[in-house]
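Numbering (my numbering), first residue to last: 344 to 663. Take a look at the structure below.
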Ligand SMILES: *Cc1c(COP(=O)(O)O)cnc(C)c1O
């Protein structure tokens, strides 16, 4: 595959492990897990892979400040703040909503990592982000703007390489299941899957958007990742599988189903999911296994995308 400029700070390859006790408990297919919660940068997660490429681009532009946006408990913002610190850059985070009463979880880490925080009402965030960028530019801070979730073609291409990594670990699962939100992870996996003729299915569990909208975003992003990697790939609508049956009470809301998933993974495998992303996708996986969606002899790989610091967010600790 065509290589893009990349810095190396993620701990790669991330381990692939079996989940024998969870598989047995559910009486289902063989379940495996890819541990991208262990990518290493300030508690890791999937954004660390994307940031290796985004930081290389920022450096090439001579950037001195990283600017990005997200929710109060954004893992993406926490990992961006850590990457900025590591490369001696300033970091401004535009967070949506109101300052919480207590500093906890990712929001606590953002501050520990030295990021400047700007607050914005949710409806106003794009305008606010532009305003922050323009002010930084005029102030000579040489800002570099990273989109929500690090999901542009450069960031998402990281997951095409992650798919190459999985295959080079000798894994050929029938299914790859993971949480999907801004679509970058899924777009990259689809591109990597095409590039290496992966014959399994790549199934994104939506954590905040209806299926059609997300599938459309992933498809468009996958096409631009393909271009970015100079790969002539025949990527089509049917390559993008999204399930939106597990949105529950909405983005970031932890209900009984997510709680059960967190407990099951923890108590059968000693594995920690997060309340926002892998909790929902884990609940989806469990439900699909129970409903007989997979064949008994399938190998199903759950791609753990990280997010565990949110377990310690004040909003969630009392629900766990
Ligand atoms: C951002 C994030 C996701 C979603 O990845 P996208 O590339 O935005 O779809 C999943 N899990 C965790 C823990 C995340 O932080």
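Just so you know, even glycine gets a beta-carbon here, dropped at the ideal spot from N, CA and C. As the structure is a computational prediction, the values presented were derived from the model and not from experiment.
(message) Just verifying my parser: in three-state terms, what is the DSSP assignment at residue 547?
(response) One-based indexing of the chain shown puts residue 547 at position 204. Strand, per DSSP.
(message) Taking 6 Å as the limit between beta carbons, can you name the residues of its chain near residue 611, skipping five residues before and five after?
(response) Taking the chain shown and counting its residues from 1, the one referred to as residue 611 is at position 268. Within the same chain, residue 611 has close Cβ partners 364, 365, 368.
(message) So, with DSSP's three-state summary, where would you put residue 444?
(response) For the purposes of this step, residue 444 is taken as residue 101 along the chain shown, with counting starting at 1. Coil, per DSSP.
(message) I'd like to know whether the C-beta atoms of residue 397 and residue 352 end up nearer to each other than 9 Å.
(response) In the chain shown, residue 397 corresponds to position 54, counting from 1. In the chain shown, residue 352 corresponds to position 9, counting from 1. Not closer than 9 Å, so no.
(message) Under DSSP, the alpha helix (DSSP H) around residue 474 begins and ends at which residues?
(response) Counted from its first residue, the chain shown places residue 474 at position 131. Looking at the DSSP string, the run of the alpha helix (DSSP H) that includes residue 474 is 468-481.
(request) Could you name the residues of the same chain whose beta carbon sits closer than 6 Å to that of residue 553, not counting the 5 residues immediately before and after it, in chain order? (result) The residue labelled residue 553 in the question sits at position 210 within the chain shown. If we look at residue 553 and ignore the five residues flanking it on each side, its Cβ neighbours are 587.
(message) How far does the alpha helix (DSSP H) with residue 630 in it extend, from its first residue to its last?
(response) Locating residue 630 in the chain shown gives position 287, where the first residue counts as 1. Start and end: 621-633.
(request) Can you give me the start and stop residues for the alpha helix (DSSP H) that residue 393 sits inside? (result) Here residue 393 refers to the residue found at position 50 of the chain shown. Start and end: 389-403.
(message) Assuming residue 499 and residue 530 are in contact, meaning their beta carbons sit under 8 Å apart, how far apart are those beta carbons, in whole angstroms?
(response) As a first step, residue 499 must be located in the chain shown, where it is residue number 156. As a first step, residue 530 must be located in the chain shown, where it is residue number 187. That pair is a contact at about 5 Å.
(request) Confirm, please, whether the CB-CB distance from residue 496 to residue 564 is below 9 Å. (result) The residue given as residue 564 occupies position 221 in the chain shown. The residue given as residue 496 occupies position 153 in the chain shown. Taking 9 Å as the Cβ cut-off, residue 564 and residue 496 qualify as a contacting pair.
(request) Kindly examine ligand 1 and report whether one of its heavy atoms sits closer than 8 Å to the Cβ of residue 596. (result) Translated into the one-based positions of the chain shown, residue 596 becomes position 253. Checking every heavy atom of ligand 1 against the Cβ of residue 596, none is found closer than 8 Å.
(message) DSSP has residue 373 in a bridge; who is on the other side?
(response) Taking the first residue of the chain shown as 1, we reach residue 373 at position 30. Answer is 642.
(message) I'd like the list of long-range same chain contacts for residue 528, defined as Cβ closer than 7 Å, with 5 residues on each side in sequence excluded.
(response) Here residue 528 is taken as the residue at index 185 of the chain shown, counted from 1. If we look at residue 528 and ignore the five residues flanking it on each side, its Cβ neighbours are 389, 502, 521, 648.
(request) Could you tell me whether any non-hydrogen atom of ligand 1 is closer than 8 Å to the CB of residue 499? (result) Walking along the chain shown from the start, residue 499 turns up at place 156. Residue 499 Cβ: within cutoff of ligand 1.
(message) For the alpha helix (DSSP H) containing residue 599, name the first residue and the last one.
(response) Residue 599 sits at position 256 when you count from the first residue of the chain shown. Looking at the DSSP string, the run of the alpha helix (DSSP H) that includes residue 599 is 599-612.
(request) Can you have a look at residue 405 and say buried or exposed, based on whether 16 or more other CB atoms are within 10 angstroms of its CB? (result) Sequence index remark: in the chain shown, residue 405 carries index 62 (1-based). Its Cβ having fewer than 16 others within 10 Å, residue 405 is exposed.
(message) For residue 667, which residues in the same chain have their Cβ closer than 6 Å to its Cβ, ignoring the five residues on either side in sequence?
(response) Outside the displayed span of the chain (344 to 663) sits residue 667, for which this structure offers no information.
(request) Buried or exposed for residue 542, please, with buried defined as at least 16 other CB atoms from any protein chain shown within 10 angstroms of its CB. (result) The residue you call residue 542 lines up with position 199 of the chain shown. With fewer than 16 Cβ atoms within 10 Å of its Cβ, residue 542 is classed as exposed.
(request) Run the proximity test for residue 390: is its beta-carbon closer than 8 Å to any non-hydrogen atom belonging to ligand 1? (result) Numbered from 1 along the chain shown, position 47 holds the residue referred to as residue 390. Yes, ligand 1 has a heavy atom inside 8 Å of this Cβ.
(message) Spatial neighbours of residue 595 within its chain, please: C-beta separation below 6 Å, excluding the five flanking residues on both sides.
(response) For this step, residue 595 is matched to residue 252 along the chain shown. Same-chain partners within the cutoff: 619.
(message) For residue 522, list the residues DSSP reports as bridge partners.
(response) On the chain shown, position 179 is the one that residue 522 refers to. Paired residue(s): 548.
(request) Answer yes or no: the CB of residue 450 versus the heavy atoms of ligand 1, is any distance below 8 Å? (result) Within the chain shown, the letter at position 107 stands for residue 450. No, since every heavy atom of ligand 1 falls outside the 8 Å radius drawn around the Cβ of residue 450.
(message) Which residue marks the beginning of the alpha helix (DSSP H) containing residue 528, and which one marks its end?
(response) What you label residue 528 is simply residue 185 of the chain shown in a count that begins at 1. That run of the alpha helix (DSSP H) goes 527-538.
(request) Identify the continuous alpha helix (DSSP H) that holds residue 511 and give its terminal residues. (result) The residue given as residue 511 occupies position 168 in the chain shown. That run of the alpha helix (DSSP H) goes 501-511.
(request) Using 8 Å as the cut-off, classify the Cβ of residue 627 as near or not near the heavy atoms of ligand 1, replying yes or no. (result) On the chain shown, residue 627 is found 284 positions in, with the first residue counted as 1. Checking the Cβ of residue 627 against ligand 1 gives no.
(message) Tell me whether the region 453-464 and the region 429-439 touch, counting them as touching only if at least three CB pairs, one residue from each stretch, are closer than 8 Å.
(response) yes
(request) Note the first and the last residue of the continuous beta strand (DSSP E) segment covering residue 585. (result) By 1-based counting over the chain shown, the position of residue 585 is 242. Looking at the DSSP string, the run of the beta strand (DSSP E) that includes residue 585 is 584-586.
(request) Can you tell me the Cβ-Cβ gap for residue 421 and residue 399, rounded? I've got them flagged as a contact below 8 Å. (result) On the chain shown, residue 421 is found 78 positions in, with the first residue counted as 1. On the chain shown, residue 399 is found 56 positions in, with the first residue counted as 1. Between residue 399 and residue 421 the Cβ distance is about 20 Å, and since that is not below 8 Å, they are no contact.
(request) Pull up the DSSP beta-bridge partners for residue 486, would you. (result) Residue mapping note: residue 486 aligns to position 143 of the chain shown, counting from 1. Paired residues: 408.
(request) May I have the straight-line CA-CA distance separating residue 475 from residue 453, to the nearest angstrom? (result) Here residue 475 refers to the residue found at position 132 of the chain shown. Here residue 453 refers to the residue found at position 110 of the chain shown. Taking the straight line joining both Cα atoms gives about 18 Å.
(request) On the DSSP bridge assignment, give the partners of residue 413 in chain order. (result) Working through the chain shown from its first residue, we reach residue 413 at position 70. Answer is 438, bridged to residue 413.
(message) So, for residue 566: in the same chain, excluding its five sequence neighbours on each side, which residues have a beta-carbon less than 7 Å away from its beta-carbon?
(response) Position 223 of the chain shown holds residue 566. If we look at residue 566 and ignore the five residues flanking it on each side, its Cβ neighbours are 578.
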